[in-house]
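S.K.: There's a structure below that I have some questions on.
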Amino acid sequence: MSVMEIRKAGDPVLKKIAAPVEKIDRKIKQLLDEMAETMYAADGVGLAAPQVGVSLQLVVIDVGEGIIELINPKIVACEGCEIATEGCLSVPGMFGEVERYAAVTVEAQNRAGKMFRISGSGLLARALQHETDHLKGILFIELAKTIHKG
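Heads up: the sequence shown is residues 13 to 162, going by the working numbering.
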């Protein structure tokens, strides 16, 4: 495994809509492992495949409760609203106030191909939304009500 290069704002891959993963094979599982290693090395709480130059619907998240791997994630339920500060590994040194749903449920596949649902509020809900935005070519700075350097 190896730490991958994190693409920065301005890289065209970050603006593309990511393709669904058609087949979960050894390469996809290795990519998930390398994404997690990269996220941890960068002290992040989430990373989407486009951030490492791969335009596929893959996300890894760890908000302190262990790794969550999401393949082809879709938000299927949401409620409430809250504004909080966000940052992004692809936009280093910048932070912004972003309005998000307070709680979400996401449906995705795990590395074995099995569908599952995960629900979260607080930081987990924010990370789920932030990372799935990456799969749609959206960066948090496009949604932020205010932006400041950290």
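Where is the CB? At the ideal position from N, CA and C, for every residue including glycine. What you are looking at is a predicted structure, and each value in this text was computed from that prediction instead of being measured.
Under the DSSP definition of a beta bridge, which residues are partnered with His146?
M.R.: Answer by DSSP bridge pairing: none, since His146 is not bridged.
S.K.: Using alpha carbons as the reference points, say which of Pro62, Asn122 and Asp45 lies closest to His142.
M.R.: Comparing Cα-Cα distances from His142 to each of Pro62, Asn122 and Asp45, the minimum goes to Pro62.
S.K.: With a threshold of 16 other CB atoms inside 10 Å of the CB of Val88, please say whether the residue is buried or exposed.
M.R.: Looking at its Cβ environment, which holds fewer than 16 other Cβ atoms inside 10 Å, Val88 is exposed.
S.K.: Which residue marks the beginning of the beta strand (DSSP E) containing Ile95, and which one marks its end?
M.R.: From DSSP, the beta strand (DSSP E) with Ile95 extends over Glu94 to Glu98.
S.K.: Run through the DSSP bridge pairs and tell me what Gln121 is partnered with.
M.R.: Answer is Ile83 and Met127.
S.K.: Per the DSSP calculation, Ala48 is bridged to which residue(s)?
M.R.: None; Ala48 has no bridge partner.
S.K.: When the Cα atoms are used, what is the spatial distance from Lys148 to Arg38?
M.R.: The alpha-carbon atoms of Lys148 and Arg38 are separated by roughly 25 Å.
S.K.: Just to confirm my understanding: we take Lys41, look at its own chain, exclude 5 residues before and 5 after, and list those with CB closer than 6 Å. What are they?
M.R.: Excluding residues within five positions, the ones whose Cβ falls inside 6 Å are Arg123.
S.K.: For Ile40, which three-state DSSP category applies?
M.R.: The answer is helix: DSSP assigns Ile40 an H, G or I state.
S.K.: State the CB to CB distance for the pair Ala21 and Val103, rounded to an integer number of angstroms; the pair is presumed to be in contact (CB under 8 Å).
M.R.: Going by Cβ atoms, the distance from Ala21 to Val103 rounds to 5 Å, so yes, they are a contact pair.
S.K.: Tell me, please, whether the segment 57-74 touches the segment 130-146 by the rule of three or more beta-carbon pairs shorter than 8 Å.
M.R.: Yes: at least three Cβ pairs fall under 8 Å.
S.K.: Is the beta carbon of Met13 closer than 7 Å to that of Glu46?
M.R.: A contact, by the Cβ cut-off of 7 Å.
S.K.: Straight-line CA distance for Ile130 to Pro85?
M.R.: Near 10 Å, if we compare the C-alpha coordinates of Pro85 and Ile130.
S.K.: Could you give the first and the last residue of the continuous beta strand (DSSP E) run that contains Gly108?
M.R.: Met106 to Arg112 is the span of the beta strand (DSSP E), which, as asked, contains Gly108.
S.K.: Once you ignore the five residues that flank Ile79 on each side, which residues in its own chain have a CB closer than 8 Å to its CB?
M.R.: Excluding residues within five positions, the ones whose Cβ falls inside 8 Å are Ala48, Val72 and Ile73.
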